[in-house]
Each structure stands twice: as structure tokens, then as C-alpha cells.
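Asker:
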Amino acid sequence: MPKMKTKSGAKKRFRLTGTGKVIAAQAGKRHGMIKRTNNQIRNLRGTTILSESDGRVIRKHFLPNG
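Start counting the sequence shown at 1; every next residue gets the next number (UniProt numbering).
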């Protein structure tokens, strides 16, 4: 049985915390900034922790080796 490989796109987009949660960049800042409030734009900076259900999919299928 061959080894499971990490998806190369996932290694560029996601990181794991020490407790196994998945960190990803905030969504919603690629275009259309005019219609968003300044408060929204500020809150979308940086990274966020994915929900438990999304994180489970990422860990199992895309980052099998951590």
C-alpha cells in the first residue's frame, strides 16, 4: 500500500495548531471591497480557525500526515 500524500494545494492554505485545529486565511477579501463596511474589512484580516466539521475533512483527506 503506497503512502498517503499531502495535497500540495492544502499545504499552502492550511496549518495545524498544536491541539489539531485547522488555521486558514479569512475568506471574503478577494474583490468587492467597496460594498463591505470598513468594520467588515478590518475583521477579515489575518487568519481564523475552521469549524470542527470543516477541520475534520481537511485533516482526514488533505493533510493526512499533519
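Quick reminder that beta carbons are idealized off the backbone N, C-alpha and C, glycines included.
1. So, with DSSP's three-state summary, where would you put Ala10?
2. If you compare alpha carbons, which of Ser8, Ile58, Ile23, Ile41 is closest to His31?
3. If you scan the segment 24–64 from start to end, which runs of the alpha helix (DSSP H) of 4 or more residues do you find wholly inside it?
4. Check this for me: beta carbons of Arg13 and Ala24, under 8 Å apart or not?
5. Rounded to whole angstroms, what is the Cα-Cα separation between Met33 and Leu44?
Answerer: Well, looking at it:
1. helix
2. Ile41
3. 38–43, 52–57
4. yes
5. 11 Å
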